[in-house]
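Trainee: Got a structure for you, written out below as structure tokens; questions coming shortly.
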Amino acid sequence: MNLTLRQLRIFEAVARHLSYTRASEELHLTQPAVSMQIKQLEQAVGLPLFEQLGKRIYLTDAGREMERYSRAITALLQEASHVFDELKGLKRGRLTIAVASTANYFVPQLLATFCQRYPEVTVSLNVTNRKQLLQALMENEADLVIMGQPPGNLDLAAESFMENPLVVIAPPNHALAGARAIPLHRLEQETFLVREQGSGTRLAMERWFRENGVTLLTPMEMSSSEAIKQGVEAGLGLGLLSLHTLEMELALGRLVILDVERFPILRHWYIVHREGKRFSAVAQAFKEFILNEVTQIVALPTLGSAAAQRTGKQSPAHG
Ligand code: PGA
-19 MNLTLRQLRI FEAVARHLSY TRASEELHLT QPAVSMQIKQ LEQAVGLPLF
31 EQLGKRIYLT DAGREMERYS RAITALLQEA SHVFDELKGL KRGRLTIAVA
81 STANYFVPQL LATFCQRYPE VTVSLNVTNR KQLLQALMEN EADLVIMGQP
131 PGNLDLAAES FMENPLVVIA PPNHALAGAR AIPLHRLEQE TFLVREQGSG
181 TRLAMERWFR ENGVTLLTPM EMSSSEAIKQ GVEAGLGLGL LSLHTLEMEL
231 ALGRLVILDV ERFPILRHWY IVHREGKRFS AVAQAFKEFI LNEVTQIVAL
281 PTLGSAAAQR TGKQSPAHG
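Here you go:
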């Protein structure tokens, strides 16, 4: 059936007034224009919608059916427009974000505050490593990504919002636990458990040791920070992880941070998106929320005093 929304609107006015004259006045159209649209609608339906008896017009059976459908269509359109208004107004939007596995140690806390503020927003969170995140960005699979500094050769906009110190961890009974200012080259005698290829932590670690002329023994690769922490606790070797991942183990005394010279490696977290990406209201609100409020919500575990002095921070001794 080939009809237009304009014809339905005109039909609805004529059916309501049962008068072409009053309908045309309401719609600011001429009476012949209204009659013409009704005639076209009747042709589309294949049945008369009105009948004239004396001076008055009445709806036919087909006209009454058309009135019912026309009301339903109008109501659905109004509902759709309401939904779109809400989406524009941020009430019921959808947020699709992808975050580095290391960032997932603080992102749920942020989402809790954000979702409390916008309870009808739905969230899709993809947690993966740096390499996969860059791919998600290139394939436009996420509104926003939280990761370490992205490479400069891609078409990306990135803003940093928080520090991400990387530290060396050991079990509390390790020979170096409690030692002060451990020389960097002393680490060459130790075995390290490292994150998988494609991890931002792994990349930063390799680059940093290379730049500092240190060669590590890294016979064991593990695909999550959790696995590394368990391995270090079990005495398989030392680890190098973001301080963000260590809150519980440090608090429980299961792991300690070694006080190695020139540590921590100071990195930053970035909120990243494709250059020129058109944001929904929700994505825009989330980005602003991250840039303005993260540091009030996320607290890093404290570093040991020597390391804290090196980063210019005051904090109690730790392990
Ligand atoms: P990850 O860290 O990929 O090692 O989890 C992300 C990053 O630091 O970029």
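Residue numbers (my numbering): -19 to 299. Positions of the beta carbon are idealized from the N, C-alpha and C atoms, including for glycine.
#1: Consult DSSP for A92 and reduce its assignment to one of helix, strand or coil.
#2: Look up T54 in the DSSP assignment and say whether it is helix, strand or coil.
#3: By DSSP, does F189 sit in helix, in strand, or in coil?
#4: Hey, quick one: how far does the beta strand (DSSP E) through M200 stretch, first residue to last?
#5: Since V125 and V79 are thought to touch, with beta carbons under 8 Å apart, how far apart are those beta carbons, to the nearest angstrom?
#6: What are the residues that DSSP puts in a beta bridge with I126?
#7: From F30, Q23, Y85 and A13, pick the residue whose C-alpha is nearest to that of R(-4); which is it?
#8: At a Cβ threshold of 9 Å, is T40 touching chain B?
#9: Looking at the structure shown, is G219 part of a helix, part of a strand, or coil, going by DSSP?
#10: Between the region 129 to 138 and the region 245 to 262, can you find at least three pairs of beta-carbon atoms closer than 8 Å?
#11: Starting from the C-beta of R(-11), find all residues in its chain whose C-beta is less than 6 Å away, skip the five residues before and the five after it, and write them out in chain order.
#12: In angstroms, rounded to a whole number, what distance separates the CA positions of A231 and V212?
Mentor: On the basis of the supplied data:
#1: helix
#2: Of the three classes helix, strand and coil, the one that applies to T54 here is helix, per DSSP.
#3: helix
#4: L197 to M202
#5: 7 Å
#6: The beta-bridge partner set that DSSP reports for I126 consists of V79 and I251.
#7: Measuring from the Cα of R(-4), the nearest candidate turns out to be F30.
#8: This model lacks chain B altogether; it includes just one protein chain.
#9: Note: G219 maps to strand in three-state DSSP.
#10: yes
#11: none
#12: CA-CA distance, A231 to V212, rounds to 16 Å.
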